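Undergrad: Residues in the sequence shown are numbered from 4 upward in steps of one, following the numbering used here.
Heads up, the beta-carbon is just placed ideally off N, CA and C, and yes, glycines get one too.
These numbers come from a predicted model, not from an experiment.
Just passing along the structure, written as structure tokens.
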Amino acid sequence: MRWRNKGHEYDELYFQICDKTGFYLFGCGDYGRQFLKCFQNEVSIVGYIDKRLAECGYQMNGIRCIDLHELSLKEEEGIILTISQCERSGAIEQLEQYGYQKNKDFFLIEEFISVYYLYKYNRVYFLNISLLPSTVCNLKCRHCLNFNPFAEEFYVRGWEELKMDVDVFFRNIDYIMLFHVSGGEPMLYKHTADLIEYIDRNYGDRIGTLRTVTNGTVVPSDEILERLSRCRVEITVDDYREAVPQYKEQFDELIHKLDQHKVKYFINKVESWVDLAPEKTDYSYMTEEQLIRHRAECGQTWQELRDGKLYSCNYASYATVAGIAGEEDIEESYDLRSCTPEKKRELVEFRLGYTDKGYTNFCKKCRGFTAHDTDAVRPAVQVERNL
Ligand code: SF4
4 MRWRNKGHEY DELYFQICDK TGFYLFGCGD YGRQFLKCFQ NEVSIVGYID
54 KRLAECGYQM NGIRCIDLHE LSLKEEEGII LTISQCERSG AIEQLEQYGY
104 QKNKDFFLIE EFISVYYLYK YNRVYFLNIS LLPSTVCNLK CRHCLNFNPF
154 AEEFYVRGWE ELKMDVDVFF RNIDYIMLFH VSGGEPMLYK HTADLIEYID
204 RNYGDRIGTL RTVTNGTVVP SDEILERLSR CRVEITVDDY REAVPQYKEQ
254 FDELIHKLDQ HKVKYFINKV ESWVDLAPEK TDYSYMTEEQ LIRHRAECGQ
304 TWQELRDGKL YSCNYASYAT VAGIAGEEDI EESYDLRSCT PEKKRELVEF
354 RLGYTDKGYT NFCKKCRGFT AHDTDAVRPA VQVERNL
């Protein structure tokens, strides 16, 4: 989205939110549960929409989950879309087919959280952020969203730089629902435990969930696991055993050790990945307006924190680091180091997708997370290339 009225882009949206007395959460997966954990004492939740859970008669907080077609939304009620980026575009289409309007009847989770807390309490709340210490990984996934197969070399950040990024982030942001330390393979980075401890010790009470991830093929030392077990962190263990069966033993050993050390974790097995397909996508023929629309229709919800700045799309910034997105997009980053309390609205607008340009250079080579024209691919398919 391109800035038109900096500092006031969300005035109208807040009025719409204020008109509502209760909200349905649409999507009871990861984001839905995290939203409840963080905000249920603040926001009145009147019901849950989730087709899969409705089919098995599941209840959340004593209320039966319903399918969208069962919903009869009252004028004073709204829907908060708590579906993550892969399925979000399809869910928006579905809501619109039922006649619900965006920013009137339904609200995106990240806009709801940030606008609500900013306008009501003058506080900066974010949905999520990705901090990437290194792209080093032992797997060679063809559809890696760090774009490792395209990179000349791995990218590794220094410990002092990472601490600086964390500090500057929390100087400007009051609360974040999900702080994600991503990779690469974080268990191969030598300061991952230091970083998790640092974040948890200094800012843990301002984070809904502190999370990191592993590809399930690397078993950290007992010392590292013991340190992680003392932090408020959870680990997503990606289950790629079908794609890389040669690591089955490591996977089993990792799970055993996580249990032994009482580290909080969950196993993540997905049927497919999204292929952003930079090698076969070319939208350079698009006009500025078309590119802005392509960016706005993309359901990606993540930004990257790096070098004291937020990058408006983390995939675009990973692509820049991998060398496939051209020059760094100056207009597409926001320098937290020069942010002041007077610029809170501008900061929140940037986090929600507003920029001077309205799209990234990489949008010209990226399919995005859209309902159409998106390839679902098998997870963790390996290529031969070594970095
Ligand atoms: S580069 Fe553009 S199209 Fe691709 S994920 Fe980012 S915002 Fe979406």
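(1) In three-state terms, what does DSSP make of Cys234?
(2) Along the chain, where does the alpha helix (DSSP H) that runs through Asp197 open and close?
(3) Unbroken beta strand (DSSP E) runs of length 3 or more, entirely within the region 5 to 69: which are they?
(4) Taking 8 Å as the cut-off, does the region 215 to 232 touch the region 138 to 147 (at least 3 CB pairs, one atom from each stretch)?
(5) Could you give the DSSP three-state label for Val118: helix, strand or coil?
(6) Mind checking whether the beta-carbon of Gly93 lies closer than 8 Å to any heavy atom of the ligand SF4?
(7) Rounded to the nearest angstrom, how far is the Cβ of Leu76 from that of Asp53, given a contact under 8 Å?
(8) Would you give the residue range spanned by the beta strand (DSSP E) that Ala379 belongs to?
(9) Leaving out five residues on either side along the sequence, give the residues of the same chain with a beta carbon under 8 Å from the beta carbon of Asp338.
(10) With a threshold of 8 Å, are at least 3 pairs of Cβ atoms found where one atom belongs to the region 120 to 132 and the other to the region 360 to 379?
(11) What is the DSSP secondary structure of Thr304, reduced to helix, strand or coil?
(12) Please state whether DSSP places Phe353 in a helix, a strand or coil.
(13) Can you have a look at Thr24 and say buried or exposed, based on whether 16 or more other CB atoms are within 10 angstroms of its CB?
(14) Using the Cβ count rule (16 or more neighbours within 10 Å means buried), how would you classify Ala196?
(15) Going along the chain, which residues of its own chain have a beta-carbon closer than 6 Å to the beta-carbon of Lys367, five neighbours each way excluded?
(16) Rounded to whole angstroms, what's the CA-CA distance from Pro136 to Met4? Just pull it up for me.
(17) For my contact list, Leu213 and His264 are in at a C-beta cut-off of 8 Å; report their separation, rounded to the angstrom.
(18) Is the region 87 to 100 touching the region 312 to 329, taking contact as three or more C-beta pairs under 8 Å?
(19) Along the beta strand (DSSP E) that carries Glu252, what are the first and last residues, could you check?
(20) Between the alpha carbons of Thr358 and Val127, how many angstroms are there, rounded?
(21) Where Leu98 and Gly356 are concerned, what is the direct C-alpha to C-alpha distance, given to the nearest angstrom?
(22) For Ala322, which residues from the same chain have a beta carbon less than 6 Å from its beta carbon, with the 5 sequence-adjacent residues on both sides left out?
(23) CB-CB under 7 Å to Glu334, same chain, minus the five flanking residues each way: which ones, in chain order?
(24) Using alpha carbons as the reference points, say which of Asp242, Tyr101 and Phe269 lies closest to Ala383.
(25) Going by beta-carbon coordinates alone, are Val266 and Leu231 separated by less than 9 Å?
(26) By DSSP's criteria, Tyr314 is part of a beta bridge. Which residues make up the other side?
(27) What separation, rounded to the nearest whole angstrom, lies between the Cα atoms of Gln104 and Glu252?
(28) Beta strand (DSSP E) containing Asp242: first to last residue?
(29) Using DSSP with H/G/I as helix, E/B as strand and the rest coil, what is Cys391?
(30) For Glu256, is the classification buried or exposed, using 16 other Cβ atoms within 10 angstroms of its Cβ as the cut-off for buried?
(31) Report the three-state DSSP secondary structure of His183 (helix, strand or coil).
(32) Measure the C-alpha to C-alpha separation of Leu16 and Asp33 and round it to an integer number of angstroms.
(33) Using DSSP bridges, identify the partner residues of Ile176.
(34) Which residues in the same chain as Lys260 place their Cβ atom closer than 7 Å to its Cβ, once the five residues preceding and following it in sequence are excluded?
TA: Looking at the coordinates:
(1) coil
(2) Thr195 to Tyr206
(3) 25 to 29 and 48 to 52
(4) yes
(5) helix
(6) no
(7) In fact, because the Cβ distance is near 16 Å, the residues do not count as touching under 8 Å.
(8) Asp378 to Val380
(9) Gly311 and Lys312
(10) no
(11) coil
(12) helix
(13) exposed
(14) buried
(15) Tyr286 and Ser287
(16) 28 Å
(17) Incorrect: roughly 17 Å between the Cβ atoms, too far for contact.
(18) no
(19) Counting along the chain, Glu252 falls outside any beta strand (DSSP E), though it belongs to the alpha helix (DSSP H) covering Lys251 to Gln263.
(20) 18 Å
(21) 21 Å
(22) Phe150, Ala328 and Phe365
(23) Thr358, Asp359 and Lys360
(24) Asp242
(25) yes
(26) Glu307 and Ser336
(27) 50 Å
(28) That residue, Asp242, is in no beta strand (DSSP E); it is neither H nor E in DSSP.
(29) Past the boundaries of the shown model lies residue 391; the chain is included only from 4 to 390, so the question cannot be answered.
(30) exposed
(31) strand
(32) 25 Å
(33) Beta-bridge pairing links Ile176 to no other residue.
(34) Val222 and Leu228
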